[in-house]
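Visitor: Residue numbers (this note's numbering): 65 to 265. This is the structure I want to talk about, given as C-alpha cells.
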Amino acid sequence: MKRPSRAAILTAAVATALAGCAAPEEPLRTHQSLPEQPLFRSIRPADRPDAPAFSGTSLAGKPLSLAGHRGEVVVVNAWASWCGPCRAEAPALNRIQRKLGDRGVRVMGINNDTELGDARAFEGDYDLGYPSLHDPSGKQFFKLPKGLVNTQGLPFTVFVDRTGKLAGAVSGGVSEEDLDAILGALLKEKAGAGQAVEVLG
65 MKRPSRAAIL TAAVATALAG CAAPEEPLRT HQSLPEQPLF RSIRPADRPD APAFSGTSLA
125 GKPLSLAGHR GEVVVVNAWA SWCGPCRAEA PALNRIQRKL GDRGVRVMGI NNDTELGDAR
185 AFEGDYDLGY PSLHDPSGKQ FFKLPKGLVN TQGLPFTVFV DRTGKLAGAV SGGVSEEDLD
245 AILGALLKEK AGAGQAVEVL G
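See below:
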C-alpha cells in the first residue's frame, strides 16, 4: 500500500484544524502542529474574528491597507531586515505570491525596521513581488487578538480568509510547504459561507 506523502498528511491536518473537527475550548488557542515547523494556530470558521485594519504607508511610500484585499486570501507576514528567519522565509513567500496570485492569494508584509533604507534594501535583495507596510514602532501588531501569536518575536504570519476574518497564524518562520498546505485549505473554503470544506489527502 502506497504511503501518503508528507505534503498530503500536512494538507489534511491543516484542513482538519481549519474545519474545527476537534472543537477547541478557546478558539484562539486552537492549534495544529506542523511537522518540523512552528506552531500553527487555526481558528474555526464560525469563531473567526474580523482581521485588524492594517493600514498605512508602504515601503514605496504609497497607501496600503488590508481592506483593499477583501475577497482574497491574504498572507500577512511580519518581518525585519535584521531577522535571520525572515531572510530564510522571504523567497518562499515570494514564490507563493507568484504561484497562487491568480487564484486569489495575496501576500502583504509588515516591516518593523527603524531605518526605511534597510527595509528597502531587503526588499530589493529578495526582489519581493508584494508590498509591505512600514511599521517601525510595531503599532500594527497591537491590533491582533491576544494569544494568537507572539508579537515580541519575528517573524510571524497571519492568514486572512476571503471574508476578511482571521483564519490562523504561525509564530516563527514558514516554509513553502507550510504555506501550500494552509492556503490550499483556505482556498477550498466556500467563499462567503463561513464554512470550511474537507480537503482529502
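Where a beta carbon is used, it is the ideal one built from N, C-alpha and C, also for glycine. Predicted model only: the values in this text are computed from it and were never measured.
Which whole-angstrom value describes the C-beta separation of residue 139 and residue 215, a residue pair presumed to lie in contact below a C-beta threshold of 8 angstroms?
Guide: Position 75 of the sequence shown holds residue 139. Position 151 of the sequence shown holds residue 215. Not really, about 17 angstroms apart at Cβ, beyond 8 angstroms.
Visitor: Have a look at residue 231 and residue 180 and give me their C-alpha separation to the nearest angstrom.
Guide: Along the sequence shown, one-based indexing puts residue 231 at 167. Along the sequence shown, one-based indexing puts residue 180 at 116. If I take the Cα positions, the gap works out to 30 angstroms.
Visitor: Indicate whether residue 176 and residue 128 have their beta-carbon atoms separated by less than 8 angstroms.
Guide: In the sequence shown, counting from the first residue as 1, residue 176 sits at position 112. In the sequence shown, counting from the first residue as 1, residue 128 sits at position 64. No, the Cβ-Cβ distance between residue 176 and residue 128 is not below 8 angstroms.
Visitor: Within 10 Å of its beta-carbon, does residue 167 have 16 or more other beta-carbons around it, so buried, or fewer, so exposed?
Guide: As a working note, residue 167 is residue 103 in the sequence shown. The residue in question, residue 167, is exposed, as its Cβ has fewer than 16 Cβ neighbours within 10 Å.
Visitor: According to DSSP, is residue 89 part of a helix, a strand, or is it coil?
Guide: On the sequence shown, position 25 is the one that residue 89 refers to. In this prediction, residue 89 has a pLDDT of 33, which is less than 50 and means its spatial position is unreliable; nothing more can be read from the coordinates.
Visitor: Is residue 247 near residue 160, with beta carbons less than 8 angstroms apart?
Guide: Looking up residue 247 in the sequence shown gives position 183. Looking up residue 160 in the sequence shown gives position 96. Result yes, Cβ atoms of residue 247 and residue 160 sit closer than 8 angstroms.
Visitor: Report, in whole angstroms, the separation of the C-beta atoms of residue 120 and residue 192, which I expect to be a contact under 8 angstroms.
Guide: Here residue 120 refers to the residue found at position 56 when the sequence shown is read from its first residue. Here residue 192 refers to the residue found at position 128 when the sequence shown is read from its first residue. The pair is not a contact, with the Cβ atoms about 17 angstroms apart (cut-off 8 angstroms).
Visitor: Per the DSSP calculation, residue 236 is bridged to which residue(s)?
Guide: Numbered from its first residue, the sequence shown carries residue 236 at position 172. None; residue 236 has no bridge partner.
Visitor: May I ask you to report which of helix, strand or coil DSSP gives residue 126?
Guide: The sequence position of residue 126 within the sequence shown is 62, counting from 1. Note: residue 126 maps to coil in three-state DSSP.
Visitor: Taking DSSP as the reference, what is the three-state secondary structure of residue 284?
Guide: One cannot answer for residue 284 here, as it falls past the ends of the chain, which runs 65 to 265.
Visitor: I'd like to know whether the C-beta atoms of residue 123 and residue 183 end up nearer to each other than 8 angstroms.
Guide: Within the sequence shown, residue 123 is the residue found at index 59, counting from 1. Within the sequence shown, residue 183 is the residue found at index 119, counting from 1. Yes.
Visitor: Using the C-alpha atoms, what's the distance from residue 115 back to residue 109?
Guide: Taking the sequence shown and counting its residues from 1, the one referred to as residue 109 is at position 45. Taking the sequence shown and counting its residues from 1, the one referred to as residue 115 is at position 51. Approximately 13 angstroms between the Cα atoms of the pair.
Visitor: If residue 186 sits next to residue 145, beta carbons under 8 angstroms apart, how far is it from one beta carbon to the other, in whole angstroms?
Guide: Against the sequence shown, residue 186 aligns to sequence position 122. Against the sequence shown, residue 145 aligns to sequence position 81. Confirmed, about 4 angstroms.
Visitor: According to DSSP, simplified to helix, strand and coil, what is residue 256?
Guide: By one-based count along the sequence shown, residue 256 stands at place 192. With a pLDDT of 49 at residue 256, under the threshold of 50, the predicted position of this residue should be treated as unreliable, and no value is reported.
Visitor: By Cβ distance, which residues of its chain are closer than 7 angstroms to residue 164, with the 5 residues on each side in sequence left out?
Guide: By 1-based counting over the sequence shown, the position of residue 164 is 100. Correct list, in chain order: 247.
Visitor: Nearest by alpha-carbon distance to residue 244: which of 148, 162, 135, 213 is it?
Guide: The count along the sequence shown starts at 1 and reaches residue 244 at position 180. The residue with the shortest Cα to Cα distance from residue 244 is 162.
Visitor: Taking the beta strand (DSSP E) that residue 197 falls in, what are its first and last residues?
Guide: Along the sequence shown, one-based indexing puts residue 197 at 133. Element bounds for residue 197: 196 to 198.
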